[in-house]
Structure formats: C-alpha cells, structure tokens
Amino acid sequence: MPQTGGIVMNKELTVQEIRSKIVSLPGRPPAMLDRDLAEIYGTETKKLNQAVKRNPDRFPEDFCFQLTENEVEILRSQSVTAISPMSRTRPHAFPREGCNMMSACLETPVAVGRSVFIMRAFSAAEAETLRHCHSDTAPGGQITGERFDLSVKRFKVALEAVKLTTGLRNGAEVRRMANEITRDTTGVDLMAFILPYCSPVSGQGVTEGEDEVMNSFVVAWWDRHAGNTVTSRQLYQVITDNKIPLNLGTGSKRSQKTRLSRLLTKMSGQQVGTCRIVGVGKCKGVLCWELEKVGK
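31 is the number of the first residue of the sequence shown in the working numbering; add one for each residue after it.
So, in structure tokens, the structure goes:
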C-alpha cells in the first residue's frame, strides 16, 4: 500500500487525525509543520518548500513562516516528533491559509481532496480554542486576551468574505456586517468592546473614530424610516435593533436617548454618507429629525 512518511496514501483520514498535526506557538496562528503537511498531501518536504520558493507572492509571512530556534525548542519540549534533534534546518509552518494555498500550488488529486479535511481540522481547532476562551472568560463577562485575538482574526476574515460575496462598497456597512458575523461566531461584539476606549461624543459632533459607526447608523435609519419624520425614541430603537455601537455613554435608556437628541441637534445640516440630517423642530412637544438624500 503506497505510503508517505507516517500516512498511508489511500487511507481515509479523519479530521481528528489531521487536527493532531496542528501546532500552537505563542504569538502565532495555529499551523501545520512542513513535514506533516507534505505527508498529508502525499509529497516530500523538500518539494513542498521548493513550491514556496517558486511562488513567493503566494506565500506571504501570514501564509508560511519559518520557526525560530526558540520555537523549535518549544515544540521539542512538547514532544512534537516532526522535528528531529539532528535536523539543522528550522522547519516552515503553514497556517490555514497557507495549507489551502499549497493545495492550489501542488494541484494533485490527493492535495485537492485532503485540503478539505485540513480546513475542517483548522475549524475544529478554532472551535476548541473558542470553547477554551469561553471557559476562561474573566469574572463579570470580561474578554480575555486570547478570546479578543481570535475575534479580531475572525473579524478580518469576515471583512474579506463580505466584500467578496456582496460587492458592497460602503465601508461602514461592510464593517457592520463583519461585526455581526464575528459576534455570532465568537460571542464577542468587537465594535461595542472597542468603542468605549474612543473619545466620547463632543460638542463638535462625532470624533473621527466614530464616523464609520455614524455612517452605519444613518444607513439603518434610512432603511427603516427613509425621509419620514422621526423622534429620538424611534432612532434609539434603530440603534438597538441593528446593534450599532454608537457611543452614547452609560446610564439609563432615557439618558442615552437624551444624548442622542443632543448629538443629532449638533449635527443638523451635516451630511453623513449620502444623506443629510435635518432638524425639523418639535412635533407634539418632541424634537424630531428627517433624512434627505443629498442631490435631490
């Protein structure tokens, strides 16, 4: 039966078998060593690394990296058998993206077929990390560093996925959708977590850091009410329903609605995206606003 290294070529591999080949190093994404990846793809380690050298544009540092001497020692101490004590060459490691790219470079039936299982193995590893992060969440629901790092990585992937699948060009809307995907898959509302570290709403309107969030708010406002007259209560509901992390400070809902009214009053006449916020005075004793499309 044909065999490469420790893996039988025509054997049906399980996700768990491949998962056991994924290593973790401090400050690095989960990755697979060149020797293990070569075995799974049915080729030699030398040929695998030659493919990297022939295609440098396909393997940036976040797709393939060479271990440092310290990282080699860490893996040896963990009894990772893929690293021989006699080896003079530090191995290369391939994160999820690099493993997938290598499959495209090799273009063999084995590599193409087994790349699917490798992607599932990395997903299983991420799910395991996420469960660990949830169990290690600090008292009071605080987010640990490991969970935050995973959420940032997921947000970046979601950003690219939204752009590729929707064709959206509105940066604020793309970020809002990516944040929702991140929240649904990791449990972390990344934008809501980060925004409190930004400066609060000032007398001059929104800060530069809040500008993208304001765009998201106006998009959701137009989708819900178009050019109709609305109150701060209705707009607060838009923010809540769409989980828009507009920084209205802490406190009760009533105080946040008051801050929203003050913000909109200060921004009356200003253009946000393709719309202009217009203050229309009071309706039945309550301040009201409208949106008008610019250029109409």
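In this text, a Cβ means the ideal position worked out from N, Cα and C, and glycines have one as well. Since this is a predicted model, take the numbers as computed values, not measurements.
Minimum C-alpha distance to residue i - residue among the options
i       : options                           : result
Phe-95  : Pro-121, Gln-108, Gln-80          : Pro-121
Val-53  : Ala-155, Thr-259, Val-204         : Ala-155
Ile-70  : Val-187, Phe-223, Lys-51, Gly-57  : Lys-51
Glu-103 : Thr-119, Glu-91, Lys-76           : Thr-119
Glu-158 : Cys-305, Glu-210, Thr-215         : Thr-215
Gly-57  : Gly-175, Asn-85, Ala-134          : Gly-175
Met-221 : Leu-136, Gly-309, Pro-90, Phe-185 : Phe-185
Three-state secondary structure (DSSP) of residue i
i       : result
Met-31  : Note that Met-31 has pLDDT 40, beneath the 50 cutoff, so the model's placement of it is unreliable and the number below is only indicative. Three-state result, Met-31: coil.
Phe-152 : helix
Phe-95  : strand
Ala-250 : helix
Ile-274 : coil
Gln-267 : helix
Val-82  : helix
Val-102 : helix
Arg-199 : coil
Ser-229 : Low local confidence applies: a pLDDT of 48 at Ser-229 is under 50, so the model's placement there is unreliable, and no value is given.
Ser-282 : coil
Phe-366 : The first residue shown for the chain is 31 and the last is 326, placing residue 366 beyond what the model contains.
Bridge partner(s) assigned by DSSP for residue i
i       : result
Phe-124 : Met-62
Gly-309 : Trp-319
Thr-261 : Cys-318
Gln-301 : Arg-306
Val-53  : Ala-61
Check whether residue i and residue j have beta carbons under 8 Å apart
i       : j       : result
Leu-43  : Ala-123 : no
Arg-177 : Met-149 : no
Arg-254 : Val-243 : no
Ala-250 : Asn-272 : yes
Leu-67  : Glu-101 : no
Asn-245 : Ala-202 : yes
Arg-65  : Thr-73  : no
Thr-259 : Glu-320 : yes
Ser-145 : Cys-129 : yes
Phe-147 : Pro-60  : no
Gln-304 : Val-324 : The sequence given here has Thr at residue 304, not Gln. Yes, the pair counts as a contact, with Cβ atoms nearer than the cut-off.
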